[in-house]
Amino acid sequence: MLTPCSKYIYTDGVGRISRNLMQNIHTLIFKNSNPQKTPLIAAIQVRVLGSKGMLVRDDTLDDNRVVLRKSMCKFHDKTIDKATQHI
Numbered sequence: 003m004l005t006p007c008s009k010y011i012y013t014d015g016v017g018r019i020s021r022n023l024m025q026n027i028h029t030l031i032f033k034n035s036n037p038q039k040t041p042l043i044a045a046i047q048v049r050v051l052g053s054k055g056m057l058v059r060d061d062t063l064d065d066n067r068v069v070l071r072k073s074m075c076k077f078h079d080k081t082i083d084k085a086t087q088h089i
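Laid out in structure tokens, this is it:
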């Protein structure tokens with residue numbers, strides 16, 4: 003959707019996150035309760051380096067994978083090439 007001045011494009015872009023990675027996050031969030039008795043999270047809001055937005059669980063993704071949409075990337079973080087994921 004373009005704004006009236008046709009300067010910006012707004013999307014409802016939602017990224018994807020693998021089931022395995024979501025399970026790891028789920029375990030951390032519910033570590034003080036019983037994660038096994040809590041339904042697995044389906045979506046989370048994130049800020050990762052220069053990106054932000056919603057991620058939904060995608061059971062078709064392998065391993066610990068996150069797929070961001072272009073609209074989620076707000077600026078290029080110079081540390082992105084050296085970044086490693088820590089949860």
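Heads up: the sequence shown begins at 3 in this note's numbering, then just goes up one per residue.
Don't be surprised by glycine CBs; every beta carbon is placed ideally from N, CA and C.
- With a 10 Å radius around the Cβ and a threshold of 16 neighbouring Cβ atoms, S35 comes out exposed.
- The three-state secondary structure of R18, taken from DSSP, is strand.
- In the structure shown, the three-state DSSP call for S73 is helix.
- Two segments are said to touch when three or more pairs of C-beta atoms, one from each, lie closer than 8 Å; by this definition the stretch 63-70 touches the stretch 19-30.
- Around the beta carbon of R49, fewer than 16 other beta carbons lie within 10 angstroms, which makes this residue exposed.
- Within the same chain, V16, G17, R18, I19, A44 and A45 come within 8 Å of V58 by CB-CB distance, once the 5 residues on both sides are set aside.
- Per DSSP, the continuous beta strand (DSSP E) segment holding K54 begins and ends at S53 to D60.
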